[in-house]
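Add 1 to the 1-based position in the sequence shown for our numbering, that's all there is to it.
The beta carbon of each residue, even a glycine, is placed where N, CA and C say it ideally should be.
This report concerns only the one structure given below.
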Amino acid sequence: MKKAVNLVLEDEEIIELIRILLDEVLPYLATLPGVIAYNPDACTLTFRRRPGFLTLYADKGLELLAALKNAINATWEQRHNLIAVTKARRAPRLLDVWSLLPRSNCKLCGEATCMAFAVGLLQQKRVLDDCLPLQTNSDFVDRRASLEVMLV
Ligand code: SF4
């Protein structure tokens, strides 16, 4: 008969162990593309998880712990290929994205406005290549580079 595992998450030692693990591995987990916010001071990491998103804390139950263990192991194995994140990261905001677009509302992307295109970018329904002026106008090279970093 399979032996039951009695893991009591309220146990302070286990919580402390998870916290120490998170302290070490979170800067590397923060490099993953699905991460939408990372706060090293609060030691929290929010990432996309369909539907919606999920924020890692140390006390969300066994299911999360199992998922976290897998993510930690996979990330830790790959850490030499990653650059740890040491600064706070947050999801790009609509106005941040819109302000870097050409804002000419030329409609070449098929959207009525650049604002609508920015929404599409944040919802991952559109890609930067869909904005022709951003690709072809040399005045927008820096803006495009900023958007590429922002929308990773
Ligand atoms: S193609 Fe670019 S500049 Fe033109 S409306 Fe779309 S996002 Fe704006």
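So is ALA31 buried or exposed if we call it buried at 16+ other beta carbons inside 10 Å?
buried
Under 6 Å from any heavy atom of the ligand SF4, by CB: list those residues in chain order, please.
LEU102, PRO103, SER105, ASN106, CYS107, LYS108, LEU109, CYS110, GLU112, CYS115, PHE118, CYS132, LEU133, PRO134 and LEU135
For GLN136, I'd like the list of residues in its chain whose CB is within less than 8 Å of its CB, leaving aside the five on either flank, ordered along the chain.
LEU129, ASP130 and ARG145
Would you kindly report the start and end of the unbroken alpha helix (DSSP H) that includes LEU133?
133-137
State the beta-bridge partners of ARG90 as determined by DSSP.
TYR39
Classification of LEU95 by the beta-carbon crowding that lies within 10 angstroms, buried from 16 upward
exposed
First and last residue of the uninterrupted alpha helix (DSSP H) at VAL153
Per DSSP, VAL153 belongs to no alpha helix (DSSP H) and is neither H nor E.
By how many angstroms is the C-alpha of LEU102 removed from the C-alpha of GLY35?
23 Å
On the DSSP letters alone, give me the boundaries of the alpha helix (DSSP H) that LEU211 sits inside.
Nothing about residue 211 can be reported from this structure: the residues present for the chain run from 2 to 153 only.
Cut-off 8 Å between Cβ atoms - residues of its own chain near VAL98, not counting five sequence neighbours on either side
ALA119, LEU122, LEU123, LEU148, MET151 and LEU152
Reference ALA92, options THR47, LYS108, ASN82 and MET116, closest by Cα
THR47
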